[in-house]
Structures are given as C-alpha cells and as structure tokens.
C-alpha cells in the first residue's frame with residue numbers, strides 16, 4: 121500500500137516544542153537588541169525547522185508497505201509481524217518506525233530497495249487477534265517533528281494455546297505399538313519424496329543432496345500407515361484451556377514425529393494428514409476455538 | 031530513551047566547544063575551560079564504558095560553578111553573565127548526559143550560545159562561523175535521530191548542508207521582511223565590559239594622544255553631493271565650557287530656546303554611519319541644520335545628542351552649513367561661564383594674556399597675536415608630550431612647549447578667557463581618509479582633534495584651531511604625517527606601502543557595504559524595499575502581507591524541491607526523454623503498459639492512432655537503437671529534441 125500525501129499527519133515532538141520556545145526567545149532577543157545578525161541566525165534556525173518539517177513528511181511519502189496478513193504464534197510467546205518497505209525513489213528513508221498494537225520496530229528503507237522490518241508483538245493469550253491498521257512513524261531528520269500515518273491493512277494473528285500438558289499421545293498410551301511402529305518405521309524406508317519446509321532434519325536425504333540431486337526427504341511406510349486422532353473427548357477432567365494446550369502439544373509432537381494426525385474438537389474436525397499446512401490448520405483451529413478473540 | 035554512544039558525546043562536545051569559541055573575547059577563559067574539562071571527563075567515562083556521574087556530585091559541581099560565575103559577574107542578569115551561566119550549565123549537562131534527550135537539550139543550548147555571540151557583534155566572519163557550528167550541530171542531530179546503522183560522517187554533513195541550503199532562501203525572506211521594532215522592548219542592561227570608546231566626557235590635554243594611536247574606526251561619512259573643502263571638515267563632538275585648572279568639563283544641557291542662527295553658505299548633505307561608542311553624541315559638521323535621528327536634540331553648545339547611548343551602529347542623515355550668524359547676544363550667565371578661570375591657577379599664562387591684550391585691544395588682532403606666538407616660538411607638536419603637573423597650562427606654554435591638539439586648544443582657551451574673550455574647547459574629529467573605491471570618508475580615532483571656539487560680539491562663535499598654526503599641514507592631512515619624525519610611534523607601515531593602503535581601503539569598502547546593507551538594515555530599509563516592489567505607502571501591515579506572500583511562494587518551491595527527489599528519474603538522459611515521450615502519449619490517451627517495450631508500444635499506438643504511427647514508430651526505434659545498439663550517428667541530444675518537438679493531439683485528426 122502506497123503512503124499518500126493526504127494521509128500523513130505531522131506534529132512537533134516535545135523536543136520540537138522546546139525548540140519553538142528557544143526560537144521565540146532568540147527572536148525576541150534579536151529584535152530587542154536590534155541585532156540584524158542575531159535575527160539572521162534566529163531566522164536561519166527557524167527556516168531550518170520548516171525545511172525539516174518537509175523532510176520529515178517526505179520520509180514517509182510514497183513509501184510502499186506490505187505486511188504478512190496472517191501470523192501464527194503461541195500464547196505467552198511473541199509473534200513476529202513482517203513488514204516489507206519498498207522504496208522506489210532515489211532518496212534513502214532512514215528512521216521508519218512501525219507500530220502495531222503496542223509494539224514498535226525501527227527500520228530504514230534504502231533508495232530503490234526493499235527492506236524487511238520485523239516487529240515483535242507480544243501474544244499474551246490464546247485467540248485470534250484481528251488488527252485493522254498499523255502505524256508508520258518517523259522523527260527524521262532532527263527529531264523536531266514526528267510524522268505518522270495509519271495504514272489500513274488487516275493483519276490476523278492466530279495465537280495458538282501454549283503447548284502444555286502432561287498427558288502422553290493417545291497412541292503411545294493405548295499400546296506400545298505406535299512407539300514400536302515408529303522405531304520399526306525408521307528401518308522401513310519406502311522411498312524419497314520432494315522436500316517441503318518443516319521436515320525434521322534427520323529425515324533429509326543428505327546423500328542424494330550431496331550427489332547433486334534435488335533436496336529430498338526419506339519416507340517411511342510405517343509412519344504413513346497409522347493416522348492418529350487427537351480427540352477433545354480423550355481429555356476428560358480438564359478445563360477448556362488446559363485441553364486446548366494439551367491438544368496443541370500433541371499436534372506439535374505428532375508433527376515432529378512425522379506421523380499423520382487428525383484433530384477432532386467440538387464443532388470442527390480436521391481429517392488426518394501431515395506437513396506444515398496441516399499443522400497450521402490445526403493450530404489455527406485451536407486458536408479460534410470458541411470464537412475466541414484474545 | 032536510548033542511551034548515547036561515544037561518538038554522539040564526542041560530536042556534541044565538539045559542537046558545544048566550537049559555539050563557545052565565539053565567546054572567547056567576552057567570557058573569562060575559565061568558562062570554556064570548565065566546559066572542556068566536563069566534556070573530557072564524560073568522554074573518558076564513556077570510553078571506559080561507564081555511565082554519567084552520580085547526581086549529588088553533579089549538584090555539588092553545579093553549585094560551585096554557579097558561585098564562581100556569580101563571584102565573577104556579581105549578577106546572573108545581562109548578556110555576559112547569562113552567557114557564562116548558560117555555557118557552564120551546558121558543560122554540566124554534558125557531564126550528566128546519559129540519554130538522547132540530554133543531547134537534544136544541549137543542542138538547544140548551542141543555538142542560544144550562537145545567538146548570544148551575535149547579539150553584540152557585527153562581524154560577517156562570526157556569522158559565517160556560527161552558521162558552520164549550526165551545520166555541525168545539524169549533522170550531530172541527524173546522526174542522533176537515525177542511529178540505525180551508524181553511517182559515515184560525510185553523508186550526514188552533506189545532508190545537513192542540503193537542509194541549510196534549503197533553509198537559506200526562507201531565512202532571507204524572514205530577515206528582509208520580518209517587521210523590526212522601532213526601539214527595544216525593554217531597556218537593555220548596560221554591559222559592564224562594553225567599553226566606551228573615542229572621546230570622553232571630560233578632557234585633559236593628554237587624553238587625545240592615546241586616541242591618536244588607534245586605528246579603530248569612529249565613523250564613516252557619505253556626502254550626498256560634493257564634500258566640503260578639507261578646512262571645513264571639523265566633526266563636532268562634545269564641547270567643554272568649564273575648566274578646573276587641569277581638566278575641561280562640559281554638559282549636555284539642551285538650550286532653553288532654539289539658538290537663533292542664520293545659516294548660510296553651501297548646504298552639505300551627508301550620512302554619518304556611526305560605530306557604537308557608548309556615548310550619546312553624534313558627530314556632525316558645523317553648523318547643523320537638521321538630522322533624521324528621532325528624538326535627537328541639539329545641546330546649547332550645538333552638539334547633536336542622541337536620546338540614548340550609541341550601542342549599535344547607527345546611520346544619521348544630516349544637513350549642515352559652513353557659516354552661521356548668531357542673532358542673539360551671548361547671555362550674561364553664559365558669558366560668565368565661558369570666561370571663568372580657576373582662581374590663582376596658571377598665573378604666568380594670565381600675565382602673558384594680559385600683556386598681549388594690552389598690545390592688541392581688537393579681539394581678532396589679539397587672536398592673531400596668540401596664534402603668531404604658537405607659530406613663531408618653538409612649540410612642538412608631538413604624540414608623546416611630557417607629563418604636566420598642577421599649573422598645566424603654565425607649564426606647557428613656558429616650560430615644555432611640546433604638546434598635542436588638546437594642549438594647544440586648552441592653552442588657547444585659557445589665554446582667551448584671561449583676556450576677557452569667551453572661549454570654549456570643542457572636541458571631535460578632523461579630516462578623514464577618503465575611500466576612493468567606494469566614495470566615502472573614514473574617520474578613525476586617530477583623527478580625533480580638539481579646537482576652540484571664541485565668541486566675538488556681533489559675529490557669534492568662531493572656530494579657531496590653534497594646532498593648525500603649529501603644524502599647518504595637520505589641517506589638510508592625517509595626524510601621522512604631522513608628527514615629527516623622532517617621536518613617531520604610529521605604526522610604520524601606514525602610508526609606506528601604497529598597495530597595502532589600497533588593500534586596506536578596499537577591505538574597508540567591503541565592510542562598509544556589509545554595514546550599510548546588513549548591520550543597519552531597519553524599518554526604513556524595509557520601506558524602501560517595498561517601494562522598490564511598487565507597493566505604495568509601505569507600512570507594517572503591508573510588510574507582513576508581503577512577508578506572507580513571499581513565504582508562501584518559497585514554501586511551494588521548497589515542497590516541490592523536496593518532493594522532486596522522490597520521483598524515480600533515471601540518470602540516463604535517453605531514458606528520461608523516453609519517459610517524457612510516454613507521458614505525452616499517456617496525455618493523448620494511450621498510456622504505456624508496464625510490460626510493453628518501445629517497439630510493441632509503438633505498434634499498439636500505431637493501431638489506435640494511425641495519424642501518430644510514423645512519428646511514434648520512428649521515435650521508439652530511435653530510442654531502442656540508442657539504448658540497445660548505439661550505432662554511430664545517433665545522439666541523445668537529437669532524440670531529446672525530437673521528443674520535445676513531438677506534440678500529439680488528444681483525438682485523432
């Protein structure tokens with residue numbers, strides 16, 4: 121989204137106010153002493169403030185900003201919101217501050233370049249955070265003024281429950297077969313498939329990569345065979361948030377073990393599958409449970 | 031607030047010290063020294079990775095230096111004391127600087143120190159220097175605000191210079207058009223160290239000798255027409271009527287009624303550009319008719335007096351006539367005053383006077399006899415006369431016979447009074463150097479002079495310059511030339527080297543220009559400026575309107591200037607011209623699509639607007655040839671000219 125002229129607001133900073141007082145004093149001194157040189161200096165500094173006001177405004181003008189629209193996080197941790205500042209002009213824009221929620225991140229936007237600014241937002245509780253707008257702010261060049269603009273660009277932050285809980289995975293608990301299957305599965309090498317992000321490093325086919333082939337992942341028949349249902353109803357005796365936390369932990373554990381899993385909570389059922397997209401789908405379902413907004 | 035780095039501390043300390051350097055003449059040397067020490071201590075602590083010192087240490091030091099400043103100045107009021115205090119506080123602030131906010135506050139202090147140095151200054155160089163300090167401060171501020179990755183200093187300085195350059199036109203408009211006050215808002219405290227210069231409020235014969243060795247400029251004069259002959263160039267200053275045997279005193283009382291003078295002779299119109307001398311008198315030629323200085327008045331002794339001490343450069347336009355007829359007789363009270371001599375003092379002088387008077391009962395003959403005596407007897411004219419004791423006039427006339435203009439004027443007046451002729455001593459300046467490079471006269475302190483006026487019934491006050499009869503060339507030329515060679519202490523190079531003297535005059539012409547155009551710029555100058563802009567009846571209101579209009583124009587220019595850099599224009603002139611072509615076609619209704627190269631664009635234009643096809647295809651081919659396969663015979667300039675000449679109509683013909 122391009123920052124347009126009409127949407128940039130500007131005000132003096134506290135330091136700018138102090139400067140205004142000093143300038144008024146300088147002006148009165150120059151007039152009272154009838155000193156043309158004193159006045160010349162006072163006017164030069166006053167003009168400098170007007171010039172910096174324009175430069176402050178320009179520092180945001182015409183900047184293109186994009187933001188990741190969906191962010192995943194865990195409760196109690198931090199969410200990194202990534203912004204891309206694109207600068208098509210010939211001037212550097214140092215000192216661009218991005219404020220979202222109560223967090224702020226400093227960045228710069230170099231001439232004819234794209235820069236990434238990450239703002240770390242605290243995610244205190246489970247739920248779905250809908251942020252309608254964020255703010256770009258600058259105090260460039262002298263900190264006498266600050267210009268700011270609001271960018272209307274919805275950002276959704278899915279805050280999954282904190283992965284907590286003491287219960288073991290249902291398959292582990294019910295019979296030793298799952299654990300046995302897993303150990304056996306390691307031996308039960310079935311072939312290679314294309315690499316996709318989020319695969320444990322130990323399953324990478326390093327040898328084929330070293331031979332100059334494509335990045336690939338070894339697959340095991342034993343893992344694909346046994347889908348596991350992570351069930352809300354399996355957690356009798358826990359309250360809602362504890363159940364969600366436990367389910368979240370199980371999702372991560374299953375995902376880490378490269379085992380297909382499905383999620384069944386009241387009102388939602390996600391069919392067993394694997395991979396990063398599936399994991400995110402499960403975590404977002406947990407985050408949104410009960411229409412929860414953090 | 032973020033903590034400051036070593037580099038920030040270093041640059042702000044440097045800026046502060048540089049700003050203080052401008053005060054080196056007016057502040058005691060320990061002030062910048064303390065500030066420098068504070069800066070050094072803080073830098074050392076920062077180098078070792080430490081923070082600011084403890085609060086109680088700072089408070090103690092603050093109390094100590096404030097006490098020190100108070101002991102020195104006995105006040106915190108007034109410019110020097112205030113400046114010293116501000117400088118010391120900024121030094122201490124430097125010592126406690128921990129966050130950026132502290133540095134921001136120091137920059138404000140720096141600005142104030144800069145203007146404080148300029149308030150009592152007239153120097154072009156000082157202004158330039160302080161603008162330089164302001165520039166460095168700007169670069170520091172810039173680096174403080176954008177501390178992201180600390181970049182090199184050079185771009186920061188360059189950017190600061192750009193900001194200052196953009197501020198200059200605005201500042202100029204403000205300076206030219208901001209309404210000035212007629213007088214100060216409140217009376218300024220008299221600064222104890224702004225020394226009086228030039229002639230004093232009393233005169234003992236030796237006084238002027240010190241002045242004669244000073245090259246300092248007292249005032250400059252522009253004559254609006256031909257200047258008077260050299261023998262009329264007597265610039266009247268304080269007049270002394272009362273003699274106590276050693277010293278002459280005067281008063282600045284205004285005459286109760288305007289002196290009845292009939293002025294005649296050619297009118298001399300001129301502008302006296304007075305340097306500040308902290309006295310009230312304004313030097314004018316005899317006899318003054320009128321001046322343009324508001325609230326100035328003529329004393330009973332016919333000296334022009336300003337209502338307040340001249341502490342700024344001031345321009346006074348005046349008209350004088352060389353001859354005056356006094357219609358009223360001298361009042362008995364005044365005659366008594368002008369005849370009074372201290373009882374019993376200088377007995378030998380009185381005897382001499384009475385003896386000569388007996389021989390010459392006619393007033394003018396008597397005057398001629400006295401001047402004859404000065405001319406014929408071995409009276410020397412020297413800058414280093416012997417010291418005189420109590421009966422100073424006796425001693426001078428009969429024993430030492432060596433003196434300066436003050437001695438001769440004093441002795442002459444005593445001789446006149448003893449013979450019953452009312453006489454008074456007039457001090458002022460005489461002669462001057464003509465600056466042929468800029469058509470004005472320079473009067474230096476070395477032109478200071480003393481002469482007499484005597485009252486002749488029926489004619490009035492008549493100027494007599496007894497010194498002229500000793501060294502007649504003195505009237506025509508500079509003091510230095512008339513000094514006998516063995517006693518010359520005047521700097522040797524003066525007059526020796528012609529080109530050096532010329533260079534000096536040229537330099538003075540420049541500084542006169544600076545003074546005339548900048549230092550004495552005032553309401554009248556603003557009115558003249560508006561008249562030049564063909565604005566009738568200039569007044570403050572119109573001035574503000576013009577100021578607002580001019581500011582508006584400059585701000586529009588500034589906006590354009592600042593935004594212009596945002597347009598991504600290529601440094602390649604061919605690309606720029608092609609972009610221009612595209613803009614023209616877009617205006618004609620066929621904007622180039624982002625994916626289109628020149629050839630396909632030309633094709634599409636040809637399809638939509640057959641009337642433009644030939645031209646556009648030619649131009650686009652020219653461009654792609656220029657860009658991708660520059661064969662000989664193609665020139666960017668030609669392409670540019672062709673694009674410029676291309677004017678597509680909006681609709682096909």
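Residue numbers (the numbering used here), protein chains in the order written: chain A, 121 to 414; chain B, 31 to 683.
Yeah, the Cβ is synthetic: ideal placement off N, Cα and C, and Gly gets one too.
- At the C-beta level, residue 275 of chain A and residue 405 of chain A stay beyond 8 Å of one another.
- Distance from the CA of residue 337 of chain B to the CA of residue 545 of chain B, rounded to the nearest whole angstrom, comes to 22 Å.
- The C-beta distance from residue 270 of chain B to residue 279 of chain B rounds to 6 Å, short enough to fall under 8 Å.
- Straight across, the Cα-Cα distance linking residue 152 of chain A with residue 261 of chain A is about 32 Å.
- At the C-beta level, residue 130 of chain B and residue 34 of chain B come within 8 Å of one another.
- Note that the stretch 375-383 of chain B does not touch the stretch 576-589 of chain B; fewer than 3 beta-carbon pairs, one per stretch, sit closer than 8 Å.
- Of all residues in the stretch 147-162 of chain A, those with a C-beta nearer than 9 Å to a C-beta of chain B are 147, 148, 149, 150, 151, 152, 153, 154, 155, 156, 157, 158, 159, 160, 161 and 162, reading in chain order.
- Between residue 680 of chain B and residue 618 of chain B, the beta carbon gap of about 6 Å places them in contact (Cβ cut-off 8 Å).
- Residue range 643-658 is occupied by the alpha helix (DSSP H) that includes residue 655 of chain B.
- Considering only beta carbons, the part of the stretch 158-175 of chain B lying closer than 8 Å to chain A consists of 160, 161, 164, 168, 171, 172, 174 and 175, in chain order.
- For residue 164 of chain A, the chain B residues whose Cβ falls inside 8 Å of its Cβ are 161, 164, 194, 197, 198 and 201, in order along the chain.
- The beta carbon of residue 620 of chain B lies closer than 6 Å to those of 635 and 638 in the same chain, with the five residues before and after it left out.
- From the beta-carbon of residue 261 of chain A, the residues of chain B found nearer than 9 Å are 168, 171, 172, 175, 176, 189, 190 and 193.
- The beta carbon of residue 325 of chain A lies closer than 7 Å to those of 312, 336, 337 and 338 in the same chain, with the five residues before and after it left out.
- Taking C-beta atoms under 8 Å as the contact rule, residue 281 of chain A and residue 365 of chain A qualify, at a distance of about 4 Å.
- In its chain, beyond the 5 residues on either side, 402 have a beta carbon closer than 6 Å to the beta carbon of residue 371 of chain A.
- Listed along chain A, the residues sitting closer than 8 Å to residue 144 of chain B by beta-carbon distance are 161.
- Annotation for residue 159 of chain A: 150 place their beta carbon closer than 6 Å to its own, counting only its chain and skipping 5 residues before and after.
- Annotation: the continuous beta strand (DSSP E) that includes residue 253 of chain B extends over 247-253.
- Taking residue 57 of chain B as the centre and dropping the five residues before and after it, the same chain places the C-beta of 114 closer than 6 Å to its C-beta, in chain order.
- About 6 Å separates the Cβ atoms of residue 121 of chain A and residue 273 of chain A, confirming a contact at the 8 Å cut-off.
- Per the C-alpha coordinates, the member of B/134, B/96, B/127 and B/125 positioned closest to residue 116 of chain B is B/96.
- In the structure shown, residue 491 of chain B falls within a strand segment according to DSSP collapsed to helix, strand and coil.
- Using beta-carbon distances, residue 137 of chain A does not count as an interface residue toward chain B, since no partner is under 8 Å.
- Distance from the CA of residue 415 of chain B to the CA of residue 362 of chain B, rounded to the nearest whole angstrom, comes to 37 Å.
- A residue is called buried when at least 16 other Cβ atoms come within 10 angstroms of its Cβ; residue 42 of chain B meets this threshold and is buried.
- Taking 7 Å as the upper bound on Cβ-Cβ separation, chain B lies near residues 208, 209, 210, 211, 214 and 215 of the stretch 192-218 of chain A.
- Interface annotation, residue 123 of chain A: not in contact with chain B, CB-CB separation never under 8 Å.
- With respect to the C-alpha of residue 169 of chain A, the residue from B/76, B/608, B/467 and B/193 having the closest C-alpha is B/193.
- The distance from the Cβ of residue 394 of chain A to that of residue 349 of chain A is about 14 Å, inconsistent with a contact at the 8 Å cut-off.
- Around the beta carbon of residue 483 of chain B, a 10 Å sphere encloses 16 or more other beta carbons of the protein chains shown; the residue is thus reported as buried.
- Taking a cut-off of 8 Å on C-beta distances, the stretch 565-581 of chain B does not touch the stretch 321-328 of chain B, as fewer than three cross pairs fall below it.
- The beta carbon of residue 548 of chain B falls within 8 Å of a beta carbon belonging to chain A, placing the residue at that interface.
- Looking at the backbone, the Cα of residue 674 of chain B and that of residue 615 of chain B are separated by about 12 Å.
- For residue 228 of chain B, no alpha helix (DSSP H) run applies, since DSSP gives it neither H nor E.
- Counted as a single uninterrupted DSSP element, the beta strand (DSSP E) harbouring residue 392 of chain A occupies residues 388-393.
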